[in-house]
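Trainee: Heads up: take any position in the sequence shown, counting from 1, add 339, and you land on the numbering used here.
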Amino acid sequence: MRESMVRELYYGNISPWERKRAYPPERIALTDKIDDIVQHFKNLLSPEEYKKFAEMQELESQVDVEDAVDLFEHAFCMGVRLMIDIFGYTEID
Numbered sequence: 340m341r342e343s344m345v346r347e348l349y350y351g352n353i354s355p356w357e358r359k360r361a362y363p364p365e366r367i368a369l370t371d372k373i374d375d376i377v378q379h380f381k382n383l384l385s386p387e388e389y390k391k392f393a394e395m396q397e398l399e400s401q402v403d404v405e406d407a408v409d410l411f412e413h414a415f416c417m418g419v420r421l422m423i424d425i426f427g428y429t430e431i432d
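1) Compute the Euclidean distance between the alpha carbons of M422 and R360, then round it to the nearest angstrom.
2) I need the straight-line Cα distance from V419 to Y389, nearest angstrom please.
3) DSSP three-state call for A361: helix, strand or coil?
4) Secondary structure at Y350, three-state DSSP: helix, strand or coil?
5) Considering only their Cβ atoms, is the gap separating F411 from F392 smaller than 7 Å?
The structure is reproduced here in structure tokens:
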């Protein structure tokens, strides 16, 4: 018998972060370009300046993660509302 998706989600057996990714060549080219620019600044800046630059990158990454979590929560709730609408359930106050 197939387990329900809700049960799998509840027990932590489903995680959107564990999806397989196949990056297109355009994405790989962008990350390579970013790596080249970071290396440029690493060579250009003093160790103290580069440390500050790396700190900024880390903070930007944290903001990106928060945005991704917010988007996931919003999309999940929208999906649930869509399914409720599709199955014709009415909200009970």
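Ideal Cβ placement from N, Cα and C applies to all residues, glycine included. The model shown is predicted, which means the values in this text are computed figures rather than measured ones.
Mentor: If we stick to the structure as given:
1) 26 Å
2) 45 Å
3) A361 falls in the coil class under three-state DSSP.
4) coil
5) No.
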